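*Asks:* Protein chains in written order, with the numbering used here: chain A, 686 to 798; chain B, 42 to 161.
Got a structure for you, written out below as structure tokens; questions coming shortly.
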């Protein structure tokens, strides 16, 4: 069975700091990978996704993620965070051909102005 | 992007009553809908997968008689929490995946706003 692990439960940064949120998954086959964001009081939104091709994917709001197959990782990065990035971030994995999406535990990001 | 709408967004009910939550895909046809439950400060736990016109597939540990799911059309799925108890209080989220063809059939899910259930 697939599982997803996000190492950081709560990350606190100052504005303009660089961000990297870890995500590892366990599944031996081909996967589709996603990062979702949930801003306070709002529903989940897709930040970016990887299906195939260039392992470095760029998403909305300056976020990017790199798929490293050998490490089973899909870490999320942003070079300079803003106060408005304060939110909960979820990594998710979908085994190719499977219906369901498996989510990590989430990482709460707090950006101090 | 595609829009998924849930109703109601907030419901309070008495213990023992049943509550129905609707999930609608507003601008696309959703052959598959998923129901998740999110506990405070925790991740989303998949409850069941619902395919239009067939019975839902429940995850291990989810009581199918407790959480009734109906996916009668390509744009509507409902979750009914029967004989609700305080421990059923949670945030329920639905998501939908589009039918074959087009960009919606790429594994991406579109999420509803969620429905917060409080059972007194």
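Ideal Cβ positions, reconstructed from N, Cα and C, are used throughout, including at glycine.
Bear in mind that the values here come from a model prediction, so they are computed numbers and not experimental data.
1) Is the segment 124 to 137 of chain B in contact with the segment 76 to 85 of chain B, if contact means three or more CB pairs nearer than 8 Å?
2) Quick check on the burial criterion: 16 or more other C-beta atoms within 10 angstroms. Buried or exposed for residue 701 of chain A?
3) So, do the segment 47 to 64 of chain B and the segment 761 to 771 of chain A have three or more beta carbon pairs nearer to each other than 8 Å?
4) Are the segment 44 to 53 of chain B and the segment 63 to 72 of chain B touching by the rule of at least three beta carbon pairs closer than 8 Å?
5) How far does the beta strand (DSSP E) with residue 768 of chain A in it reach, from first residue to last?
6) Can you confirm whether residue 143 of chain B, when its beta carbon is compared against all beta carbons of chain A, has any partner nearer than 8 Å?
7) How many angstroms separate the CA atom of residue 715 of chain A from the CA atom of residue 44 of chain B?
8) Nearest chain A C-beta to residue 146 of chain B closer than 8 Å, yes or no?
9) Assign residue 85 of chain B to buried or exposed, taking buried as 16 or more other Cβ atoms, counted over all protein chains shown, within 10 Å of its Cβ.
10) Measuring only the C-alpha atoms, how far is residue 794 of chain A from residue 749 of chain A?
11) Would you mind telling me which residues of chain A sit closer than 8 Å to residue 154 of chain B, beta carbon to beta carbon, in chain order?
12) Mind checking if residue 101 of chain B is an interface residue toward chain A, Cβ cutoff 8 Å exclusive?
13) Going by DSSP, what residue range makes up the beta strand (DSSP E) through residue 721 of chain A?
14) Taking DSSP as the reference, what is the three-state secondary structure of residue 105 of chain B?
15) Who are the near neighbours of residue 118 of chain B in its chain, counting only those whose CB is closer than 6 Å to its CB and skipping five residues on each side?
16) Within 8 Å (strictly less), CB to CB, does residue 788 of chain A reach chain B?
17) Nearest-angstrom Cα distance between residue 98 of chain B and residue 89 of chain B?
18) Tell me, to the nearest whole angstrom, how far the beta carbon of residue 792 of chain A is from that of residue 704 of chain A; I am working on the premise that it is less than 8 Å.
19) Any idea if residue 144 of chain B is buried or exposed, counting beta-carbon neighbours within 10 angstroms, 16 or more meaning buried?
20) Leaving out five residues before and five after residue 740 of chain A in sequence, what residues of the same chain have Cβ atoms less than 8 Å from its Cβ?
*Replies:* This is what the structure gives:
1) yes
2) exposed
3) no
4) yes
5) Looking at the DSSP string, residue 768 of chain A is not in any beta strand (DSSP E), and its letter there is neither H nor E.
6) Annotation note: pLDDT 43 at residue 143 of chain B (below 50); position unreliable, coordinate value reported separately. Not an interface residue.
7) 28 Å
8) Here the model assigns residue 146 of chain B a pLDDT of 45, short of 50, so the residue's position is not dependable and the matter cannot be decided.
9) buried
10) 16 Å
11) 727, 728
12) no
13) 716 to 723
14) coil
15) 64, 74, 91, 112
16) yes
17) 5 Å
18) Contact doesn't hold; Cβ gap of about 10 Å is too wide.
19) Low confidence applies here, because residue 144 of chain B scores a pLDDT of 46, under 50, leaving its location unreliable; read the following figure in that light. Exposed, because fewer than 16 other Cβ atoms sit within 10 Å of the Cβ of residue 144 of chain B.
20) 751, 752, 753, 754
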